[in-house]
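Read left to right, the sequence shown gives residues 2 to 318 (this note's numbering). These notes are about the structure you will find just below.
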Amino acid sequence: MNEKSMDVNTINEILEFLEIDLRSSERLPCSGQREVFLAEQISTSQKCILKICSYVPVRVARIQREIRILKNLDSDYFPDFLYQSFITDQMLEDFYDNFDPRSNKQRVEELRSMRLKAFLLTVEEYIEHISWADCIGELKKEQNLVNFLIHIFKALSLLWSLKIVHRDLKPENILVKEDFRPVIIDLGIAKSFRDGTMDLTHYAFQTPCTPRYAAPEQLTNSKTEITYKTDQFSVGVIAYTILAGRFPYGDELEIGVERVVGNLVAGRVEDLKKYNDTINDKLASLIHKLIQIKPYKRFRNADTILQKLYEIKGAVA
Numbered sequence: 002m003n004e005k006s007m008d009v010n011t012i013n014e015i016l017e018f019l020e021i022d023l024r025s026s027e028r029l030p031c032s033g034q035r036e037v038f039l040a041e042q043i044s045t046s047q048k049c050i051l052k053i054c055s056y057v058p059v060r061v062a063r064i065q066r067e068i069r070i071l072k073n074l075d076s077d078y079f080p081d082f083l084y085q086s087f088i089t090d091q092m093l094e095d096f097y098d099n100f101d102p103r104s105n106k107q108r109v110e111e112l113r114s115m116r117l118k119a120f121l122l123t124v125e126e127y128i129e130h131i132s133w134a135d136c137i138g139e140l141k142k143e144q145n146l147v148n149f150l151i152h153i154f155k156a157l158s159l160l161w162s163l164k165i166v167h168r169d170l171k172p173e174n175i176l177v178k179e180d181f182r183p184v185i186i187d188l189g190i191a192k193s194f195r196d197g198t199m200d201l202t203h204y205a206f207q208t209p210c211t212p213r214y215a216a217p218e219q220l221t222n223s224k225t226e227i228t229y230k231t232d233q234f235s236v237g238v239i240a241y242t243i244l245a246g247r248f249p250y251g252d253e254l255e256i257g258v259e260r261v262v263g264n265l266v267a268g269r270v271e272d273l274k275k276y277n278d279t280i281n282d283k284l285a286s287l288i289h290k291l292i293q294i295k296p297y298k299r300f301r302n303a304d305t306i307l308q309k310l311y312e313i314k315g316a317v318a
C-alpha cells in the first residue's frame with residue numbers, strides 16, 4: 002500500500018493512537034493488494050484478521066462489495082465481517098504530531114520515511130483451521146473428499162444464488178477446519194451479475210485470477226463467458242490435484258501460461274485413473290466434467306452437482 006509495507010509495531014501504534022480496540026500480533030501473507038495481520042480485540046482477547054488497503058477508489062470499491070457480500074451471506078461457510086474504518090491522511094498527520102519531536106525524533110523520521118497514505122482498515126472473523134499440507138492425506142480418501150466437495154458446493158450455491166461468482170477459488174482461499182468443513186475467504190475479486198452492477202475490472206484488462214486454478218475463459222480473458230461455471234472449473238482443478246498430485250492441464254509455474262492455454266485448447270488432460278486407478282468411476286467422471294474446457298459442458302447448477310455427489314457418497318461409504 003506504500004513504498005514500505007506496514008509492520009506490526011507501526012499498525013499497533015496507529016491503532017492505539019486512534020483508540021481502536023485492536024492489537025496486531027503477526028504479519029500474514031498478503032491477500033490480493035491488501036496487507037494482512039493476525040490480531041485480537043483487546044477487550045475480549047478474541048482473535049481476528051486485520052487487513053489494510055491503500056485508499057485507491059477501485060480497490061476500496063471491491064472491498065466494500067466484499068463486505069456487502071459477507072453481510073448478506075451469514076453462513077458458517079464464510080467468515081463474519083466485524084469492523085471497518087477509513088484512516089485518513091489527516092489522522093496520520095495527527096498521529097505523527099502525537100510524538101515528541103525531541104525524544105522521538107528517530108521514530109518520527111522512520112514513520113515519515115514510510116510515506117504512509119490514507120488506507121481502509123477492515124476486520125474479519127478469525128477461522129481456526131489446519132494447513133492443506135496437514136489435511137491433504139485425509140482428503141485423498143474418497144469419502145472425505147466427497148464430503149468436502151459437498152460442503153464446497155453448498156457454500157458456492159449460496160454465492161451463486163446471490164448472482165455472485167468468486168473467480169479465485171484455490172487452496173489458499175479455502176480454510177479447512179479440523180472437521181474438514183471448508184470456509185471460503187477472500188471475495189475481493191468476486192463478480193456480481195446483478196442488474197446494474199458495474200464490473201470493477203476494465204474491459205481491456207486481464208480478468209483477475211490465479212492461473213494455476215483459473216478456468217479457460219479467465220486465461221483467455223473471455224469475460225462474457227465467466228459465470229458460476231467458472232468456479233466449478235477451479236473446484237475441479239483442486240479435486241483433481243488432490244487425487245492425482247498434479248494439475249490437469251499442466252502447472253503454469255512449471256511450463257508457463259502459454260503452454261497451459263495450449264493444452265486447454267487442445268484438450269490435453271490425462272484421465273484421473275491414470276494417476277489413481279482405485280478412484281470411484283463416478284467421482285472421476287464428476288471431476289472431469291467440472292474441468293471441461295467449454296463452460297456449457299460443465300454442470301448446469303449446484304443442485305445437479307450436489308445430487309451427483311450424494312449418489313457418489315453412498316457408493317464410496
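The C-beta atom is built at its ideal place from N, Cα and C for all residues, glycine as well. Note that the structure is a prediction, hence the values are computed from the model and not measured.
{"Item": "Residue 245, buried or exposed, once every other Cβ within 10 Å from all chains shown has been counted against 16", "Value": "buried"}
{"Item": "Cα-Cα separation between residue 19 and residue 79, rounded to whole angstroms", "Value": "29 Å"}
{"Item": "CA-to-CA distance, residue 104 to residue 11, given in whole angstroms", "Value": "17 Å"}
{"Item": "Beta strand (DSSP E) runs wholly inside the stretch 83 to 163, at least 3 long, in chain order", "Value": "120 to 126"}
{"Item": "Continuous alpha helix (DSSP H) assignments of at least 4 residues falling wholly in the stretch 36 to 64", "Value": "none"}
{"Item": "Where residue 192 falls: helix, strand or coil (DSSP)", "Value": "strand"}
{"Item": "Simplified DSSP state of residue 209, which is helix, strand or coil", "Value": "coil"}
{"Item": "CB of residue 223 within 8 Å of CB of residue 170, strictly", "Value": "no"}
{"Item": "Contacts around residue 48, its chain only, beta-carbon distance under 6 Å, and the 5 residues preceding and following it disregarded", "Value": "41 and 127"}
{"Item": "Residue nearest to residue 15 in terms of C-alpha spacing, selected from 50, 119, 30 and 71", "Value": "119"}
{"Item": "Delimiting residues of the beta strand (DSSP E) encompassing residue 183", "Value": "183 to 185"}
{"Item": "Backbone secondary structure at residue 27 - three-state DSSP", "Value": "strand"}
{"Item": "Under the three-state DSSP convention, the category residue 288 falls into", "Value": "helix"}
{"Item": "Residue 266, buried or exposed, once every other Cβ within 10 Å from all chains shown has been counted against 16", "Value": "exposed"}
{"Item": "Assigned exposure category for residue 287 - 16 Cβ within 10 Å defines buried", "Value": "buried"}
{"Item": "Within 8 Å, strictly: CB atoms of residue 250 and residue 258", "Value": "no"}
{"Item": "Cβ-Cβ separation, residue 32 to residue 232 (assumed contact under 8 Å), whole Å", "Value": "That belief does not hold up - the Cβ atoms of residue 232 and residue 32 are roughly 18 Å apart, past 8 Å."}
{"Item": "Start and end residues, beta strand (DSSP E) containing residue 254", "Value": "Taken as a continuous stretch (DSSP letters only), residue 254 belongs to no beta strand (DSSP E), being part of the alpha helix (DSSP H) at 253 to 256."}
{"Item": "Status (buried if at least 16 other CB within 10 Å, exposed otherwise) for residue 293", "Value": "buried"}
{"Item": "Boundaries (first-last residue) of the beta strand (DSSP E) holding residue 239", "Value": "Residue 239 -> not in any beta strand (DSSP E); alpha helix (DSSP H) instead, spanning 229 to 245."}
{"Item": "Same chain only: Cβ atoms within 6 Å of residue 154, ignoring 5 sequence neighbours per side", "Value": "303, 306 and 307"}
{"Item": "C-alpha gap between residue 162 and residue 151, whole angstroms", "Value": "16 Å"}
{"Item": "Backbone secondary structure at residue 16 - three-state DSSP", "Value": "helix"}
{"Item": "N-terminal and C-terminal residue of the beta strand (DSSP E) that residue 270 is part of", "Value": "Per DSSP, residue 270 belongs to no beta strand (DSSP E) and is neither H nor E."}
{"Item": "Segment contact, 8 Å Cβ cut-off, at least three pairs: the stretch 173 to 189 with the stretch 127 to 138", "Value": "yes"}
{"Item": "Nearest-angstrom Cα separation, counted from residue 106 out to residue 94", "Value": "15 Å"}
{"Item": "Three-state secondary structure (DSSP) of residue 170", "Value": "coil"}
{"Item": "Neighbourhood of residue 71 by C-beta, 8 Å cutoff - its chain only, sequence neighbours within 5 removed", "Value": "79, 80, 81, 82, 125 and 188"}
{"Item": "Status (buried if at least 16 other CB within 10 Å, exposed otherwise) for residue 254", "Value": "exposed"}
{"Item": "Residue range of the alpha helix (DSSP H) that includes residue 21", "Value": "Residue 21 -> no alpha helix (DSSP H), and no H or E assigned at all."}
{"Item": "Where the alpha helix (DSSP H) through residue 175 begins and ends", "Value": "Note, residue 175: premise wrong, no alpha helix (DSSP H); beta strand (DSSP E) at 175 to 177."}
{"Item": "Reduced DSSP category for residue 313 - H, G, I as helix; E, B as strand; rest coil", "Value": "helix"}
{"Item": "Beta-carbon contacts of residue 314 that lie in its chain and below 8 Å, excluding the five residues immediately before and after", "Value": "144, 147, 148 and 151"}
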